[in-house]
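Residue numbers (the working numbering), protein chains in the order written: chain A, 866 to 1147; chain B, 1286 to 1524.
To start, the structure itself, in structure tokens.
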């Protein structure tokens, strides 16, 4: 990693609100075209970090260095507040505020509607938008002026599965065009879909997420109960936690190291799977 | 700046938040002039005070129109917090210009005065009106959610400030001689109102000093606001 070729760099940034220290000596470098995922519990300081990186709020001490003053940062907050405007009106105003040429702007707005599969309605106002539609518009405004760095605060919040997949592929396309993406993602499964660096914000500090933490995940399977097969599985996988419900359903929790073999055994024994949920250790 | 102003205009107009205060002002002016005839400049002294109060209410409903998230987006698109807040101050003041014009022209056109006002009186009255609304705008911006999180507390504090501004003369006369100079921090609306009440006897210097004092005071307050915003940006104590 070439340290001098960064887009944006934080050096020992600390953020305090009175006595409360939200971030403590945080350092982070973001390079062109890379994906950086920030994870952490609610209230851990993820959004504060994103706002500092975007230049929206000041910090108590440390340095924020940017490649040049023309660096374009697109920022999407966790949710967009609907205002009584159509998506085209909203994007046109923001584009004009950004000093985009009118002809280019209309072309860009049309392309963004196509990219995010949002209908360019002349009547439907944002106040009538669903959560998912607002989230798409939220991302569209951040991409009006092709950003060098796209900062996303919980970008998948409120999106259905289809939209999440579509957004993931759109983000990969944007990344491929050279835009660096920094995203605070709560959902561990979604976070794992990104091919990039992952950090945890813990106790105000930024920690690299290592392989050990990845391996702490566990899977909970819900199956139709078969007494013999269940007994054999428990014997074969002693670390599996098993709870038999009164309704003929059995719940089994298996850690990430065993789950592949465990799942194969379940299928070979012709057990009927009802659900499979991954739980990330925090 | 024009794009920013037109965006703010669209947001404010479609929010309908301007409705109650603007209606009260227009209806209030029509109501007070139902009784005729009225003295020219004394009537303008009243409408200047009325506009000051109504502008405070308008600005109070405008300044937090954008949610914190939307303001972050607008800020990143316009590129400067100072530019964004100058646009907000300016827009709020521009919105009150038609109200000021109405307050000056309505009684004159519909013969509500005891005599025809002179052109110079009309121009000066308009100037005092728009200065008082500018003063109200720059003061009210300090009562946004960014500075006072509780809407109840901010409304209460703003009401107190308006009451102190209107009662500046009374406060000054009640204070002991040693601390009288403290009243210099009270917004100088009374200076304008007093001048309009005694307009015929006032010298050119008196007229200009009322304008100068209001301008100087409001520019200092606006400058301080922009400095604080530049330092804090969109930070708030509980974000």
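C-beta: ideal position from N, C-alpha, C; glycine also.
In this text, all values refer to a predicted model and were calculated from it rather than measured experimentally.
| Query | Result |
| --- | --- |
| Cβ neighbour criterion (16 or more within 10 Å) applied to residue 975/A | exposed |
| CA-to-CA distance, residue 1501/B to residue 1050/A, given in whole angstroms | 49 Å |
| 9 Å Cβ cutoff, residue 1363/B in contact with chain A | yes |
| Contact set between the stretch 952 to 977 of chain A and chain B, restricted to residues whose Cβ is under 7 Å from the partner | 958, 959, 961, 962 and 963 |
| Any C-beta of chain B under 9 Å from that of residue 1076/A | Residue confidence for residue 1076/A is low, a pLDDT of 47 falling below 50, so the modelled location carries little weight; the figure read from the coordinates is stated next. Output row for residue 1076/A: interface = no. |
| Chain A contact for residue 1516/B (CB, 9 Å cutoff) | yes |
| Residue 877/A, DSSP secondary structure in three states | strand |
| Alpha helix (DSSP H) runs wholly inside the stretch 896 to 951 of chain A, at least 4 long, in chain order | 911 to 919 |
| Backbone secondary structure at residue 1070/A - three-state DSSP | strand |
| Validate contact between the stretch 1510 to 1521 of chain B and the stretch 1424 to 1438 of chain B using beta carbons, cut 8 Å, 3 pairs | yes |
| Residues in the stretch 1439 to 1453 of chain B having any Cβ partner in chain A nearer than 8 Å | none |
| From 1461/B, 1455/B, 1400/B and 1427/B, residue whose alpha carbon lies closest to that of residue 1323/B | 1400/B |
| Any chain A beta carbon closer than 9 Å to residue 1433/B | no |
| Interface flag, residue 1292/B vs chain A, CB-CB below 9 Å | yes |
| Meets three-Cβ-pair contact criterion under 8 Å: the stretch 1473 to 1481 of chain B and the stretch 1326 to 1343 of chain B | yes |
| Closest residue to residue 1122/A among 1083/A, 1068/A, 1029/A and 902/A (Cα-Cα distance) | 1083/A |
| Beta-carbon contacts of residue 1490/B that lie in its chain and below 6 Å, excluding the five residues immediately before and after | none |
| Per DSSP, cross-strand counterpart(s) of residue 1105/A | In DSSP, residue 1105/A forms no bridge with anything. |
| Assigned secondary structure, residue 1326/B (DSSP; H/G/I helix, E/B strand, else coil) | helix |
| Nearest-angstrom Cβ-Cβ length linking residue 1017/A and residue 891/A, presumed shorter than 8 Å | About 18 Å separates the two Cβ atoms, so there is no contact after all. |
| Residue of 979/A, 947/A and 880/A minimising C-alpha distance to residue 1353/B | 947/A |
| Burial state of residue 1463/B, where buried means 16 or more other Cβ atoms lie within 10 Å | exposed |
| For residue 1398/B: DSSP bridge partner residues | 1323/B |
| C-beta atoms of residue 1494/B and residue 1326/B nearer than 9 Å | no |
| From 1329/B, 1293/B, 1288/B and 1337/B, residue whose alpha carbon lies closest to that of residue 1309/B | 1337/B |
| Where residue 960/A falls, given that 16 or more other Cβ within 10 Å makes a residue buried | buried |
| Cβ-heavy atom distance, residue 1322/B to the ligand FMN, below 8 Å | Only the bare structure without any ligand can be found here, which leaves the ligand FMN out of the picture. |
| Extent of the continuous alpha helix (DSSP H) to which residue 972/A belongs | 967 to 980 |
| Per-residue contacts from residue 946/A into chain B (C-beta, under 7 Å) | 1352, 1354 and 1355 |
| Reduced DSSP category for residue 1045/A - H, G, I as helix; E, B as strand; rest coil | strand |
| 8 Å Cβ cut-off: residues of chain B touching residue 1022/A | The premise fails here: residue 1022/A is roughly 12 Å from chain B at the closest Cβ pair, so nothing lies under 8 Å. |
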